[in-house]
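Participant: Okay, here's the structure, questions in a sec.
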Amino acid sequence: MDKVNTESVKQFLLELQNSICTGLEEIDGQGKFQTDQWDRDSGGTGISRVLSDSHVIEKGGVNFSHVFGKSMPASATATRPELAGCSFQAMGVSLVIHPRNPFVPTSHANFRLFVAEKENQEPIWWFGGGYDLTPYYGFDEDCEHWHKTAKKACQPFGDHYYDRFKNECDDYFHIKHRNEPRGIGGLFFDDFNELGFDKSFTFVQSMAKSFLDAYLPIVKRRAAEPFEPRHKDFQEYRRGRYVEFNLVYDRGTLFGLQSGVGRIESILMSLPPKVQFTYDWKPEPGSEEERLYTDYLRPRDWAD
703 MDKVNTESVK QFLLELQNSI CTGLEEIDGQ GKFQTDQWDR DSGGTGISRV LSDSHVIEKG
763 GVNFSHVFGK SMPASATATR PELAGCSFQA MGVSLVIHPR NPFVPTSHAN FRLFVAEKEN
823 QEPIWWFGGG YDLTPYYGFD EDCEHWHKTA KKACQPFGDH YYDRFKNECD DYFHIKHRNE
883 PRGIGGLFFD DFNELGFDKS FTFVQSMAKS FLDAYLPIVK RRAAEPFEPR HKDFQEYRRG
943 RYVEFNLVYD RGTLFGLQSG VGRIESILMS LPPKVQFTYD WKPEPGSEEE RLYTDYLRPR
1003 DWAD
């Protein structure tokens, strides 16, 4: 049985945070991420890196956290009753990029390791995470590039993994109270340990390293697109869906809020800077905005 090597995972996650921030700074061309290193007496440390009001990125955050607790929060034991009475540690990198230009999609990624322990028992561990894309205006070539890059990252480990994690992403990032996807999906996995620790970790590294390959070409292609106030209004309206999902359904957000060991500013870093909640808004028939709903906000096989 592979040994759980938390130190190797932590080192990789810190390197991942640095490489993603560097890549985003280069494509933004103007802003630099501010670094905030924090330490909580209640059991957590982390590094929050935030870029605001810049040339390409209106608000972006790339956070590393490593938190500890003596007991599991309700959000975890409700679905995993065997974790009751366990102490835990969780570490991960989580990022959300909210672009300035409405033609550039919002992106989200998260890669994490969770370890639960109880005296005289083998530790329970798993990896989780993935990445997903939330466009405001749809472009087939962007969606195809995103999903083909994700599929390529999964293929060395088995042809079935992309389909499985793509379907799990479509299921997870679904706003149930609106019966509507948050975006065009990507990869999502949780409770992942079936390959043993070493190979599971290698798989997670492959997916994590592919994020910039998936996202940066789309940003480069769309960042200079001219846009009008109506496009910005629609972007801010659709950002409201992001807020709804993160505060109602997102497991990471709920775990951070319920565990009491996270840092609230870092947990809610994912929320967009400006949002519009417009009562009972409907797109005009035949408009670009309606096309987002009819052509993109539905599960599709973009990689084939």
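First residue of the sequence shown? That's 703 in my numbering, and the numbers climb one at a time after it. We treat Cβ as the ideally placed atom computed from N, Cα and C, and that holds for glycine.
Using a 10 Å radius around the Cβ and a threshold of 16 neighbouring Cβ atoms, would you call N869 buried or exposed?
Facilitator: Counting from one through the sequence shown, the residue named residue 869 turns up at place 167. Classification for N869: exposed.
Participant: What is the DSSP secondary structure of K734, counted as helix, strand or coil?
Facilitator: Indexing the sequence shown from 1 puts residue 734 at position 32. Of the three classes helix, strand and coil, the one that applies to K734 here is coil, per DSSP.
Participant: If we ignore side chains and look at the alpha-carbon of each, how far apart do F766 and K911 end up?
Facilitator: Locating residue 766 in the sequence shown gives position 64, counting from the first residue. Locating residue 911 in the sequence shown gives position 209, counting from the first residue. The alpha-carbon atoms of F766 and K911 are separated by roughly 16 angstroms.
Participant: Can you give me the C-alpha to C-alpha distance between R940 and N803, rounded to a whole angstrom?
Facilitator: Residue numbering aside, residue 940 sits at position 238 when the sequence shown is read from its first letter. Residue numbering aside, residue 803 sits at position 101 when the sequence shown is read from its first letter. Distance between the alpha carbons of R940 and N803 is about 13 angstroms.
Participant: Taking 8 angstroms as the cut-off, does the region 820-830 touch the region 869-885 (at least 3 CB pairs, one atom from each stretch)?
Facilitator: Taking 8 angstroms as the limit for Cβ pairs, the verdict is that the region 820-830 does not touch the region 869-885.
Participant: Mind checking who D834 pairs with in its DSSP beta bridge?
Facilitator: Translated into the one-based positions of the sequence shown, residue 834 becomes position 132. Its beta-bridge partners are H810 and G888.
Participant: Could you tell me which of D704, G725 and V711 sits nearest to A916, measuring between CA atoms?
Facilitator: Taking the first residue of the sequence shown as position 1, residue 916 is located at position 214. The shortest C-alpha separation from A916 is found at G725.
Participant: Are the CB atoms of H800 and E760 within a distance shorter than 7 angstroms?
Facilitator: Reading the sequence shown from its first residue, position 58 is the one you call residue 760. Reading the sequence shown from its first residue, position 98 is the one you call residue 800. Cβ atoms of E760 and H800: closer than 7 angstroms.
Participant: Starting from the N-terminal side, write out each stretch of the alpha helix (DSSP H) that is 4 residues or longer and does not extend beyond the region 962-997.
Facilitator: 966-969 and 990-993, all fully within the region 962-997.
Participant: So P1001 packs on D872, CB below 8 angstroms; how close in whole Å?
Facilitator: Position 299 of the sequence shown, counted from the start, is the residue given in the question as residue 1001. Position 170 of the sequence shown, counted from the start, is the residue given in the question as residue 872. 5 angstroms between Cβ atoms; contact.
Participant: Contact defined as beta carbons within less than 8 angstroms: I believe F899 pairs with V706. What is the distance between those atoms, to the nearest angstrom?
Facilitator: The residue given as residue 899 occupies position 197 in the sequence shown. The residue given as residue 706 occupies position 4 in the sequence shown. 6 angstroms between Cβ atoms; contact.
Participant: In angstroms with no decimal places, state the Cα-to-Cα distance between H847 and A1005.
Facilitator: Residue numbering aside, residue 847 sits at position 145 when the sequence shown is read from its first letter. Residue numbering aside, residue 1005 sits at position 303 when the sequence shown is read from its first letter. Spanning the two alpha carbons is a distance of roughly 8 angstroms.
Participant: Would L889 pass as a contact of F875 if the rule is Cβ separation under 7 angstroms?
Facilitator: Start at 1 with the first residue of the sequence shown, and residue 889 comes out as number 187. Start at 1 with the first residue of the sequence shown, and residue 875 comes out as number 173. Going by C-beta atoms, L889 is not nearer than 7 angstroms to F875.
Participant: Excluding the five sequence neighbours on either side, which residues of its own chain have a C-beta within less than 6 angstroms of the C-beta of D730, listed in chain order?
Facilitator: Here residue 730 is taken as the residue at index 28 of the sequence shown, counted from 1. These residues qualify, in order along the chain: S756, H757, V758 and I759.
Participant: I need the boundaries of the beta strand (DSSP E) containing R1002, first residue and last residue.
Facilitator: The residue labelled residue 1002 in the question sits at position 300 within the sequence shown. From DSSP, R1002 is part of no beta strand (DSSP E); its letter is neither H nor E.
Participant: According to DSSP, is G860 part of a helix, a strand, or is it coil?
Facilitator: Here residue 860 is taken as the residue at index 158 of the sequence shown, counted from 1. Residue state, collapsed to three classes: coil.
Participant: What residues are listed by DSSP as bridge partners for W827?
Facilitator: Here residue 827 is taken as the residue at index 125 of the sequence shown, counted from 1. Note: W827 sits in a beta bridge opposite V817.
Participant: For E992, I'd like the list of residues in its chain whose CB is within less than 7 angstroms of its CB, leaving aside the five on either flank, ordered along the chain.
Facilitator: On the sequence shown, residue 992 is found 290 positions in, with the first residue counted as 1. Counting only Cβ-Cβ distances below 7 angstroms, and skipping sequence neighbours, we find P985 and E986.
Participant: Which residue comes first and which comes last in the alpha helix (DSSP H) that contains V758?
Facilitator: Within the sequence shown, the letter at position 56 stands for residue 758. Counting along the chain, V758 falls outside any alpha helix (DSSP H), and DSSP gives it neither H nor E.
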